[in-house]
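Report on one structure; see the data block that follows.
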Amino acid sequence: MRKINFWYISSFLISFVVLIPIATVSFSFFEETSNYYQILKETFLIEYIFNSVSLLVGVLLLTFIFGTGSAYLVSFYNFPGSNFFKWALILSFAVPPYIYAYSLFAFFDNYGTAYSILKNLFGDGNYNKIIPKFDGMLGAILSLSFSLFAYVYILARASFLYQSQNLIDLGKNLGFSKSKSFINIILPSARPAIVAGLSLVAMETLAEFGAVDFFSINTLTTGIYNSWITFDDLAFANRLSFFLLLFIFALFILENISRKQARYHSNMSGGFKTKEKYNLSMGKGIAAFLFCFIIFFLSFIFPFGQMLYWTILYSENILNSETVDLIYNTLYLVFLSCLTLIILSFISNYGMRISKSKPLNILNTLSISGYAIPGVILAIAYITFIAWFDENIIKVYDFPSIKKIFFGSIIGLVIVYFIRFYSLACNGIKSGYEKINVSVDESAYLLGYSKAKTFMNIHIPYLRNSVLFVGILISLEIIRELPITLILRPFNFETLATTAYIYASEDLLEAAAVPSLFLILIASIFILISSRYILRD
Amino acid sequence: MTKNFLEVENVTFVAGGNNKVNNVSFSIEKEGDVVCLLGPSGIGKTTILRTIAGLEKVKKGTIRLKNKIISSEKKHTEPELRNISLSFQDNSLFPHYTVEKNIYLGAEKKLNGKKKIDDKNLIKILDLEKILDKYPHQISSGEAQRASLARSILFQPDLLLLDEPLSNVDQSFKEEIQVQLKKLLKKLKITTIIVTHDSYEAFYLGNKCGIILDGQLKQFDEPYNVYHFPNSVEVVNFLNRGILIPAKVTGENSLENKDLGTIKGNFIKHYPKGSDVQLLLQPEDLEHDDKSNLKLEVVDRKFRGTSFIYTLRTLSKMLIPVFVHSHHIHQHEVDEKFGIKRPIYIEHIVCF
Numbered sequence: 007m008r009k010i011n012f013w014y015i016s017s018f019l020i021s022f023v024v025l026i027p028i029a030t031v032s033f034s035f036f037e038e039t040s041n042y043y044q045i046l047k048e049t050f051l052i053e054y055i056f057n058s059v060s061l062l063v064g065v066l067l068l069t070f071i072f073g074t075g076s077a078y079l080v081s082f083y084n085f086p087g088s089n090f091f092k093w094a095l096i097l098s099f100a101v102p103p104y105i106y107a108y109s110l111f112a113f114f115d116n117y118g119t120a121y122s123i124l125k126n127l128f129g130d131g132n133y134n135k136i137i138p139k140f141d142g143m144l145g146a147i148l149s150l151s152f153s154l155f156a157y158v159y160i161l162a163r164a165s166f167l168y169q170s171q172n173l174i175d176l177g178k179n180l181g182f183s184k185s186k187s188f189i190n191i192i193l194p195s196a197r198p199a200i201v202a203g204l205s206l207v208a209m210e211t212l213a214e215f216g217a218v219d220f221f222s223i224n225t226l227t228t229g230i231y232n233s234w235i236t237f238d239d240l241a242f243a244n245r246l247s248f249f250l251l252l253f254i255f256a257l258f259i260l261e262n263i264s265r266k267q268a269r270y271h272s273n274m275s276g277g278f279k280t281k282e283k284y285n286l287s288m289g290k291g292i293a294a295f296l297f298c299f300i301i302f303f304l305s306f307i308f309p310f311g312q313m314l315y316w317t318i319l320y321s322e323n324i325l326n327s328e329t330v331d332l333i334y335n336t337l338y339l340v341f342l343s344c345l346t347l348i349i350l351s352f353i354s355n356y357g358m359r360i361s362k363s364k365p366l367n368i369l370n371t372l373s374i375s376g377y378a379i380p381g382v383i384l385a386i387a388y389i390t391f392i393a394w395f396d397e398n399i400i401k402v403y404d405f406p407s408i409k410k411i412f413f414g415s416i417i418g419l420v421i422v423y424f425i426r427f428y429s430l431a432c433n434g435i436k437s438g439y440e441k442i443n444v445s446v447d448e449s450a451y452l453l454g455y456s457k458a459k460t461f462m463n464i465h466i467p468y469l470r471n472s473v474l475f476v477g478i479l480i481s482l483e484i485i486r487e488l489p490i491t492l493i494l495r496p497f498n499f500e501t502l503a504t505t506a507y508i509y510a511s512e513d514l515l516e517a518a519a520v521p522s523l524f525l526i527l528i529a530s531i532f533i534l535i536s537s538r539y540i541l542r543d
Numbered sequence: 100m101t102k103n104f105l106e107v108e109n110v111t112f113v114a115g116g117n118n119k120v121n122n123v124s125f126s127i128e129k130e131g132d133v134v135c136l137l138g139p140s141g142i143g144k145t146t147i148l149r150t151i152a153g154l155e156k157v158k159k160g161t162i163r164l165k166n167k168i169i170s171s172e173k174k175h176t177e178p179e180l181r182n183i184s185l186s187f188q189d190n191s192l193f194p195h196y197t198v199e200k201n202i203y204l205g206a207e208k209k210l211n212g213k214k215k216i217d218d219k220n221l222i223k224i225l226d227l228e229k230i231l232d233k234y235p236h237q238i239s240s241g242e243a244q245r246a247s248l249a250r251s252i253l254f255q256p257d258l259l260l261l262d263e264p265l266s267n268v269d270q271s272f273k274e275e276i277q278v279q280l281k282k283l284l285k286k287l288k289i290t291t292i293i294v295t296h297d298s299y300e301a302f303y304l305g306n307k308c309g310i311i312l313d314g315q316l317k318q319f320d321e322p323y324n325v326y327h328f329p330n331s332v333e334v335v336n337f338l339n340r341g342i343l344i345p346a347k348v349t350g351e352n353s354l355e356n357k358d359l360g361t362i363k364g365n366f367i368k369h370y371p372k373g374s375d376v377q378l379l380l381q382p383e384d385l386e387h388d389d390k391s392n393l394k395l396e397v398v399d400r401k402f403r404g405t406s407f408i409y410t411l412r413t414l415s416k417m418l419i420p421v422f423v424h425s426h427h428i429h430q431h432e433v434d435e436k437f438g439i440k441r442p443i444y445i446e447h448i449v450c451f
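So the protein lines, in turn, are chains X and Z.
Quick note, the first sequence lines up with residues 7 to 543 if you use the numbering used here.
Quick note, the second sequence lines up with residues 100 to 451 if you use the numbering used here.
This is the structure we're talking about:
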């Protein structure tokens with residue numbers, strides 16, 4: 007059954023295309039760069055690395071506390087609002103770090119929202135002195151932490167749910183208190199899931215562009231962007247990318263190792279039993295409620311409220327910013343990209359399934375590392391590759407240049423989105439496929455179904471829920487995506503994310519509120535639709 | 100050109116790039132015959148079925164079905180074109196369809212046309228009526244196995260392959276299904292190969308049995324012959340039906356063992372007088388006799404419902420199993436002496 011056929015070739019080509027940017031970054035490392043490299047090496051490079059590491063440590067610490075703490079409380083205890091917080095806490099996904107950053111800055115700014123509230127409550131006063139300032143590194147750490155802690159929350163909660171009740175009973179039997187059980191039994195068992203969540207947070211943090219750029223912090227990612235935009239040094243951008251990629255691959259490997267262990271940890275003998283949830287006493291219940299409420303409030307209500315407040319205050323911006331066009335453009339990109347990603351991921355998965363080819367599997371494993379590569383790097387690697395291809399292949403054979411087709415076009419955007427989010431789509435469909443025993447396919451063949459008919463009649467109907475879920479996740483990512491869209495969008499084509507960014511970078515935060523608010527609203531709707539999958543008990 | 104319904108000729112069966120069973124030859128002579136393949140786990144029985152179904156390719160040799168080559172080194176007919184049905188050991192029902200939809204999938208055209216099978220009766224026989232509306236995840240593994248069996252039979256294949264078809268079915272229900280299955284296969288004249296590790300199931304269902312051991316088809320014969328005339332020490336050990344004891348051939352119909360004395364019976368193969376041989380001694384070959392002067396020490400006693408199996412130790416420390424009907428008037432405890440009737444007479448003397 008192992009032979010080169012349509013499915014095999016398609017699967018091979020898809021994985022190969024996704025791998026091109028990684029290869030481009032690797033090859034560009036050896037190219038000549040301008041003086042910018044020398045200047046940077048002698049001056050800012052250390053600062054870039056120091057800032058990236060500081061940001062990473064701060065965000066990891068906070069997301070661990072927010073994510074694990076809230077997951078533990080909603081998984082093991084009944085307290086006022088525990089069922090509400092179970093799903094409400096994932097709404098923070100709807101707020102991208104850069105929008106959080108705008109809210110944070112605007113609220114605590116001199117004469118900002120906090121000032122207005124105090125003035126309305128207590129009359130005139132010199133409140134600017136007592137209002138704390140959350141900008142710079144602290145602002146970036148808070149923005150990223152509140153926006154990303156849900157990764158840790160979701161994975162830790164899933165791990166807590168699937169922990170063997172026997173383990174917890176054993177703790178009780180040994181006379182452990184609840185806190186001792188948590189530290190000695192529950193937390194170590196969930197460690198791989200928590201590490202996996204933190205690795206995702208780390209990759210997102212290193213890749214973050216919008217929020218760190220807003221707070222004017224120089225990190226490796228903003229360095230890459232600047233070396234290309236400001237200094238027009240593509241080769242150096244690629245060289246910086248290579249360093250960042252090495253760092254990210256170390257995290258990627260760590261995350262993969264943790265994931266494998268997670269499987270081991272969740273298969274404890276004793277099996278899955280519905281957990282007994284403890285009822286907390288009045289005092290502890292209120293404390294648990296406050297912990298979850300503060301996280302929910304700060305991660306979702308606060309940025310949403312700030313944007314809503316501005317939208318109402320400057321309601322003329324709703325018309326000025328051509329909101330309908332922005333929503334249309336955003337959803338158009340979401341639709342095109344989802345369709346491409348899902349169809350090609352389906353073909354790729356089916357090709358791997360029926361060919362059972364090891365080289366193909368290895369190629370695919372490498373290609374799904376695309377999600378670890380920051381959007382800025384992907385966009386630049388894409389430009390590098392197309393420029394090289396146009397120069398060295400297309401022109402040599404006297405074909406018309408392809409740059410116009412692939413640069414500043416919807417096609418270019420969709421291709422790079424595809425490369426960036428392929429792992430999400432591919433893994434999502436793969437996990438659905440893993441639930442279908444191979445003997446199911448073989449039974450279909452033996453009942454006279456061809457491979458195409460098996461694909462259409464057996465796999466697609468069975469996997470429709472997985473596809474819906476994957477589609478929503480991709481949509482969510484694309485709605486929030488900023489650097490790729492910013493670099494590769496067609497002239498005069500804006501999305502909610504790019505418009506919010508452009509207004510914010512021009513210090514027109516009030517005008518950024520409308521696109522930000524709609525972005526949060528649309529993302530929230532997608533999250534609510536998918537919450538039953540994300541939080542499946 | 101052979102006239103056999105199925106012909107497997109010098110085939111080397113391969114799974115995951117490794118040779119599983121080498122140089123296998125056997126045939127099913129006529130349509131409707133049932134062949135059972137027996138062997139320990141992981142030996143390659145399933146690989147044989149998968150290869151015949153077309154899910155694996157052959158490395159060497161030829162497989163013919165109804166005089167057409169379906170697998171050889173050069174030719175491979177795709178599984179969907181073979182009209183061979185395989186019922187998998189694990190749950191291979193389509194998870195998003197109900198049991199009923201699963202059962203009829205692939206069989207609709209055939210049932211609409213020349214209906215050979217009474218589908219309702221089949222569902223009744225396999226006790227599937229109550230679960231027709233359920234989905235695979237809502238039923239037990241035994242029920243899934245029966246549904247899968249129904250689907251394979253309703254498909255009306257030229258060749259039906261069953262991989263451990265009743266391994267998950269409750270013991271109480273298993274014998275009843277075996278009886279019904281045998282009747283059904285005979286009535287419908289469905290040629291079948293069954294893989295099982297249960298020798299009694301194989302002996303009951305199969306017209307012929309194949310024993311797969313050490314990467315080879317060791318014996319392919321009628322069940323009676325496999326049981327009574329095993330052709331190798333490996334088959335004896337696999338069927339776990341007795342022990343081999345040293346003996347010397349003393350005549351046309353007799354042997355001598357230094358612990359048991361003279362043993363008489365009919366040799367199935369000629370050995371010259373004076374030959375040293377290994378004699379197969381099965382539990383039913385020895386008869387209990389309290390009055391006998393041949394007394395052996397009881398080292399163990401197992402109660403098996405209709406019988407006891409005593410394990411006896413001879414003077415030279417050999418351990419010999421003996422059946423005694425459980426209604427026997429008295430029982431012997433461990434360390435007691437146990438009499439064996441002399442002279443010992445064995446209907447079929449099997450030696451190696």
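By construction, the Cβ of each residue, glycine as well, lies at the ideal position given by its N, Cα and C atoms.
Reduced DSSP category for residue i - H, G, I as helix; E, B as strand; rest coil
{"i": "V3 of chain X", "result": "Nothing can be reported for residue 3 of chain X: it is not among the residues displayed for chain X, which extend from 7 to 543."}
{"i": "D219 of chain X", "result": "helix"}
{"i": "V433 of chain Z", "result": "coil"}
{"i": "Y377 of chain X", "result": "helix"}
{"i": "T361 of chain Z", "result": "strand"}
{"i": "L240 of chain X", "result": "helix"}
{"i": "N166 of chain Z", "result": "coil"}
{"i": "E483 of chain X", "result": "helix"}
{"i": "L259 of chain Z", "result": "strand"}
{"i": "Q270 of chain Z", "result": "helix"}
{"i": "I344 of chain Z", "result": "strand"}
{"i": "V491 of chain Z", "result": "The question about residue 491 of chain Z has no answer, for chain Z in this structure spans 100 to 451."}
Where the beta strand (DSSP E) containing residue i begins and where it ends
{"i": "P420 of chain Z", "result": "L418 to H424"}
{"i": "C298 of chain X", "result": "Counting along the chain, C298 of chain X falls outside any beta strand (DSSP E), though it belongs to the alpha helix (DSSP H) covering M288 to F302."}
{"i": "Q318 of chain Z", "result": "Q315 to D320"}
{"i": "F112 of chain Z", "result": "L105 to A114"}
{"i": "T410 of chain Z", "result": "S406 to R412"}
Distance between beta carbons of residue j and residue i, contact taken as under 8 angstroms
{"i": "L393 of chain Z", "j": "I439 of chain Z", "result": "5 angstroms"}
{"i": "N607 of chain X", "j": "T501 of chain X", "result": "Given that chain X is displayed from residue 7 to residue 543, the structure contains no residue 607 of chain X and the question cannot be resolved."}
{"i": "I189 of chain X", "j": "A506 of chain X", "result": "Actually they are not in contact, since the Cβ atoms of I189 of chain X and A506 of chain X sit about 42 angstroms apart, beyond 8 angstroms."}
{"i": "K372 of chain Z", "j": "T349 of chain Z", "result": "7 angstroms"}
{"i": "I490 of chain X", "j": "V422 of chain X", "result": "5 angstroms"}
Boundaries of the alpha helix (DSSP H) in which residue i is found, first to last residue
{"i": "V154 of chain X", "result": "Here residue 154 of chain X is Leu; the residue named in the question, Val, does not match the sequence. Residues G142 to L167."}
{"i": "I222 of chain Z", "result": "D218 to I224"}
Residues that residue i bridges to, as DSSP identifies them
{"i": "T491 of chain X", "result": "Answer is none; T491 of chain X lacks a bridge partner."}
{"i": "P442 of chain Z", "result": "For P442 of chain Z, which the question treats as bridged, DSSP gives no partner whatsoever."}
{"i": "K159 of chain Z", "result": "Z:T111"}
{"i": "I293 of chain Z", "result": "Z:C135 and Z:L261"}
At a Cβ cut of 7 angstroms, what residues of the segment 161-180 of chain Z count as close to chain X, listed as they run along the chain? P178 and E179
Pull out every residue of the segment 444-455 of chain X whose Cβ sits closer than 7 angstroms to any Cβ of chain Z, in chain order. S445, V446, E448, S449, Y451, L452, L453, G454 and Y455
Using a Cβ-Cβ cut-off of less than 8 angstroms, give me the residues of the segment 185-201 of chain Z that come near chain X, in sequence order. L185, F187, D189, N190, S191, L192, F193, P194 and H195
Contacting positions in the segment 463-476 of chain X - beta carbon closer than 8 angstroms to chain Z: I464, P467 and Y468
Positions along the segment 421-443 of chain X whose CB lies within less than 8 angstroms of some CB in chain Z: K441, I442 and N443
Contact set between the segment 334-350 of chain Z and chain X, restricted to residues whose Cβ is under 8 angstroms from the partner: none
By the 9 angstroms beta-carbon criterion, what residues does the segment 139-156 of chain Z contribute toward chain X? R149, A152, G153, L154, E155 and K156
Given a limit of 9 angstroms on CB to CB distance, which residues of the segment 250-276 of chain Z reach chain X? R250, S251, F254, P256 and L260
Positions along the segment 277-291 of chain Z whose CB lies within less than 7 angstroms of some CB in chain X: none
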